[in-house]
Structures are given as C-alpha cells and as structure tokens.
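Residue numbers (our numbering), protein chains in the order written: chain P, 1 to 152; chain A, 1001 to 1152; chain C, 2001 to 2152.
Quick reminder that beta carbons are idealized off the backbone N, C-alpha and C, glycines included.
Notes for the one structure printed next.
Here is the structure:
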C-alpha cells in the first residue's frame, strides 16, 4: 500500500469452467496470474513506469491489478475482455471493457476511452497498447484481460 | 497492506464523459483523485486518525479509499454520491450511498447508517461529516464521493 | 502490498440491520472483523500458509480478505454465504458463494468449485475447510463468510 508501481504487465486469457467462478479462475490461470491474490485497482499508469513482461511472482502474493472480467453461460456467445493503456513518460491511463463483443469491437470501445482519458489529462501524443481475450462460449466461459502493477 | 491509516481525506466531484467509465474517471479528476490507483476498502475510521485535507500524492500511488460511485445515462436525472463519517478519538465508521437522489435526501440516508454503525459500536457521541457530490446528467454523468485513507 | 500472507483465518457471521449496508456491517461485527478496513482479494491460499484463529488486529487496519456477502430484504428468506478452502503444503484455493440457499446446499456448491480449482492445479489430495453463515431474514438481513489473509 502507498507504493507506486514501476512495471505494468499486460496479460490475457480465456477458458471454460464448471461454474462462473471456476471459469474465471481458469481464465486467470491461462493468463498466467491464477496463482496470485489479485487486488482490484483503478486505472492509472504511474509516471515513470514501463511496460514489462510478467515476472515470476510467488504463489499467493498480494498483487494490485487492473482487470476486465467477462463471464457468460450462453453457449455460442462470443465474449471478450480488454485492457487498453495509454503510455507517456509522465504516466497515462488504463481503461477496461468486457462484454458480448468481438476483439475488434471491444478494442474500438477501449481505444475511445483511452483517448478521452489521455486528452483530458493533456497526455498527448501517447503509445497505445491492448491486452484482449476473446472466447466463444461452449458451456460456461470466461475472458480476462489484466494489467498487473508490479514494482522493482 | 496491514497498515493503519492516520488521515482521512474527504473529497467529491461530478462530471460528464463519453462513456460510463470515462464519466467516472472525469468525476475522480474533479474530486482531485483522478491520478491515483484507488483500492476500495470497507469502511472504518481508524482509532487515532484525523480528518485532513488531501495531501500531494504522486501519480499512480496505490491508495486505499472508501468511495461511493454513481453513473447514469439518463439525461436530466439528478444523481448523487455521499460518504458520511462518524468520528470519535476511538475511531468510527464510514458509510456510503449513491443513487438518483438529491444531496439532502442522500445525506439523510447516510446519516441514519452512520448513526446505526456508531450506536452498535458504542461510539457515542460523535462528530458527523459528509462528502457529497450532486449532478444533473446531461448525457452520461457521474458523481463520486470518497474518503482517502492516508498515513503519515 | 506485494506481501505473501502466512495465515488464513476463517470467520463468519449473520445479522439484521436497518439498511443493506448496516446489515452487512453488523454481520461483519458478528464475524469479528467489523473493526477492520477490508480489501477484497481473489482467492489463493499461499504456499506455506496455515489456517489460524483470528489474531487481535487494531481497529482500522488495512486487511486483505476473501469474502462472500449476501444481503436480502425478503423476510423469511433463508440466506447463506460460504468460503471453502482447499489446503496443501504447496498452497490451495479459496472459493466463495452466496445466495438464497441452506448451509448444506451452499457447501455443496463451494465444495465442487474447490475440487475443480485444486484438480486444475494438480493439488490433490487436499484438506477441505468451510466457513459458512446461514440466516433467516427478519427484515433486512446479511450473511458473511470470510478468509482473512494475515501474516507473521
């Protein structure tokens, strides 16, 4: 708590499960973060932070994460979850969406939210990155996208 | 984590946005906390803590916060968000509400919740403070009230 | 933040209140955690951690907790909230459910989720523990089950 993360790690995954909660759990495992105790945070890319691949984090570590979570019990439905990040050396924003949409459609939505958030803060121009998971539900499915806020 | 905050900073704001998430983001900016990574917490005013104005916190800092968030896409609707805090030297409680109500109505609701929480804990008499944001929706609007739990 | 809890403390409680939020608050008091600032986390039993009784934690401490929360305004309704934990020396999972169910029914649901989560991770055999709160609503009732993730 009261720390400022220095690394932002984008991950995503999708999976089926026997229940909504275990489908979400399986999607987190696919995303590579199913061994962590995630703490949901709102959505700022810290000043001076950098995008990074996910480090090796011990099982059960309390880990602040911005995540987008979609779960559906409608077989055949296309679902997606997306995190978009606008990056400048002075920081930026992370925006999320999840819903019954294609990857292309959800990235369009998130792109517009990042644009608004960066413009409002006077952070232009900026780099834009996405983490997007797309999934066609078989029985009970989940799509997850996340930005792990790491340090060090 | 595992720390005990020593300052409680009440803030509030309201704004429009192009989406629900960016309206919320803009309301956080109006409240002065749109540069922070907020972590939602339940609702205790720590023993020995004091109300304080918001300190200068670096962009992206992981910041525990009790917040009330209202978003509406109904033009003309009056919305509000309120945090009420009952304070004694032995601590107190923070209660929240948000909905399609006036500031006066929401503060009445929150007042009754604070009363119940303080009475149950035997913390009477107490000081009562509110942070309340009220907004009439133009297109997509958000009202936010928050208690930042700071330290030091 | 970024810590790995070493103790997992299962608690539960149920209560009535004058509003949904204060019923929840009263259920937290019954569970013995109504004096803490809870931070919700997802659901991993850390490697090397142990089940433990709840230590004496100062009022207002920021405390990571997996919790299941049920609130109902339907007099006569039976409600419950349950946390199930699968434990091995290499860690495990915590699963939650809440709904208009009996203790027996909700533990069946949670048992199946724990089984799936442990099997997926190759963590078999394992010890299974539950924290379950059951309540018949009088006016506005809440049932809460929680796993406090403590350290030291």
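Query raised in the report: The beta strand (DSSP E) spanning residue 88 of chain P covers which residue range?
Result: 78–88
Query raised in the report: Checking contacts by CB at 8 Å: is residue 2098 of chain C closer than that to chain A?
Result: It does not: the Cβ of residue 2098 of chain C has no partner Cβ on chain A nearer than 8 Å.
Query - Contacts around residue 23 of chain P, its chain only, beta-carbon distance under 8 Å, and the 5 residues preceding and following it disregarded - result: 15, 16, 17, 71, 140, 141 and 142
Query raised in the report: Straight-line CA distance for residue 31 of chain P to residue 115 of chain P?
Result: 26 Å
Query raised in the report: Quick one, which of P:110, P:34, P:129 and P:44 has its alpha-carbon nearest residue 98 of chain P's?
Result: P:110
Report task. Give the secondary structure of residue 2042 of chain C by DSSP, where H, G and I count as helix, E and B as strand, and everything else as coil. Result -> coil
Requested in this report: Using beta-carbon positions only, say whether residue 2118 of chain C and residue 2126 of chain C come within less than 8 Å of one another.
Outcome: Going by C-beta atoms, residue 2118 of chain C is nearer than 8 Å to residue 2126 of chain C.
Requested in this report: Compute the Euclidean distance between the alpha carbons of residue 1096 of chain A and residue 1082 of chain A, then round it to the nearest angstrom.
Outcome: 6 Å
Query raised in the report: Which residues, in order along the region 2116–2139 of chain C, keep a beta-carbon less than 9 Å from a beta-carbon of chain A?
Result: Taking 9 Å as the cut-off between beta carbons, none of the residues of the region 2116–2139 of chain C comes near chain A.
Query - Buried versus exposed, by CB contacts within 10 Å (16 or more), residue 1052 of chain A - result: exposed
Query - Cut-off 7 Å between Cβ atoms - residues of its own chain near residue 2055 of chain C, not counting five sequence neighbours on either side - result: 2150
Report task. Please list the partners that residue 62 of chain P has in chain A, where partner means a Cβ-to-Cβ separation under 9 Å. Result -> Against chain A, a Cβ distance below 9 Å from residue 62 of chain P picks out 1001.
Query - Cβ-Cβ separation, residue 1144 of chain A to residue 1027 of chain A (assumed contact under 8 Å), whole Å - result: 4 Å
Report task. Step through the CB atoms of chain P and report whether any lies within less than 8 Å of the CB of residue 2042 of chain C. Result -> yes
Report task. Report the neighbours of residue 1049 of chain A on chain D: residues whose CB is nearer than 9 Å to its CB, in chain order. Result -> Absence of chain D from the displayed structure is noted, the protein chains being P, A and C.
Requested in this report: Could you please give the first and the last residue of the uninterrupted alpha helix (DSSP H) stretch that includes residue 2110 of chain C?
Outcome: 2103–2120
Query raised in the report: Could you check where the alpha helix (DSSP H) with residue 2073 of chain C kicks off and where it finishes?
Result: Element bounds for residue 2073 of chain C: n/a, residue is neither H nor E.
Requested in this report: Whole angstroms is fine: what's the gap from residue 122 of chain P's alpha carbon to residue 50 of chain P's?
Outcome: Spanning the two alpha carbons is a distance of roughly 19 Å.
Query raised in the report: Do residue 2106 of chain C and residue 2065 of chain C have their C-beta atoms closer together than 8 Å?
Result: no
Query raised in the report: Can you tell me where the beta strand (DSSP E) with residue 128 of chain P in it begins and where it stops?
Result: 127–136
Query raised in the report: Are three or more beta carbon pairs between the region 1001–1008 of chain A and the region 74–94 of chain P nearer than 8 Å?
Result: The region 1001–1008 of chain A, when compared against the region 74–94 of chain P, does not touch it at the 8 Å Cβ threshold.
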